[in-house]
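Trainee: Attaching a single structure in structure tokens format; questions to follow.
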Amino acid sequence: MLMYVFSIIIIVASNIFYNICSKSMPEKANPFSSLFVTYLTGAVITIIAFKFYKTDKGFFQSFEDLNWTSIVLGFAIVGLEFGYIMAYRAGWNISTGSLVANILLALILIPVGILFYKEGFDINKIFGISLCIIGLIFINKR
1 MLMYVFSIII IVASNIFYNI CSKSMPEKAN PFSSLFVTYL TGAVITIIAF
51 KFYKTDKGFF QSFEDLNWTS IVLGFAIVGL EFGYIMAYRA GWNISTGSLV
101 ANILLALILI PVGILFYKEG FDINKIFGIS LCIIGLIFIN KR
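46 is the number that UniProt numbering gives to position 46 of the sequence shown; each next residue is one higher, with no gaps.
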């Protein structure tokens, strides 16, 4: 139960800093220079954290269990971060840009969950989807 709650806290806290940093990036900064420094920092932190994550495999042996998902995830993360940087530069507010993107993401992931992961779908999800769509309309109404 602890990790169930703690993992969401990590996601929310990290997303707060993620969006603040993306919104606060200097307008003149090359987004790919920023991403390079970001991933270099992430690589250093990951190497340090690897030492504290106990497993029966060594550093190089741990790569044997990987598949295509790590590479595709790399592309997805770069696209995600570049998209947020450009959205904020295009004028999205920090209070609504992330909200709109995450609501749309949730709406798209519902059929993905149903079709590929055999997740359930009930009246509560239909009600939630309706509220999300109504919320998107109100948030973007000018």
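Where a beta carbon is used, it is the ideal one built from N, C-alpha and C, also for glycine.
#1: Leaving out five residues before and five after Gly113 in sequence, what residues of the same chain have Cβ atoms less than 8 angstroms from its Cβ?
#2: Run the CB neighbour count on Ile85, radius 10 Å, all protein chains shown included, and call it buried at 16 or more, exposed below.
#3: Only counting runs of 4 or more residues, tell me where the alpha helix (DSSP H) segments fall wholly within the UniProt domain "EamA" (5-140), in order along the chain.
#4: How big is the Cα-Cα spacing for Lys23 and Val78?
#5: In whole angstroms, what is the alpha-carbon distance linking Met3 and Phe50?
#6: Is it true that the CB of Ile108 sits closer than 9 angstroms to the CB of Leu136?
#7: If you run the structure through DSSP and keep just helix, strand and coil, what is Met3?
#8: Using only alpha-carbon positions, find the residue among Phe59, Ala106, Tyr39 that is nearest to Phe82.
Mentor: According to the data block:
#1: For Gly113, the CB contacts under 8 angstroms within the same chain, skipping 5 residues up- and downstream, are Glu119 in chain order.
#2: Result: buried.
#3: Under the rule that a run must span 4 or more residues, the alpha helix (DSSP H) segments found entirely inside the UniProt domain "EamA" (5-140) read 31-50, 68-89, 94-117, 123-140.
#4: Approximately 16 angstroms between the Cα atoms of the pair.
#5: If you draw a straight line from the Cα of Met3 to the Cα of Phe50, it comes to about 18 angstroms.
#6: Not a contact, by the Cβ cut-off of 9 angstroms.
#7: Three-state result, Met3: helix.
#8: The shortest C-alpha separation from Phe82 is found at Tyr39.
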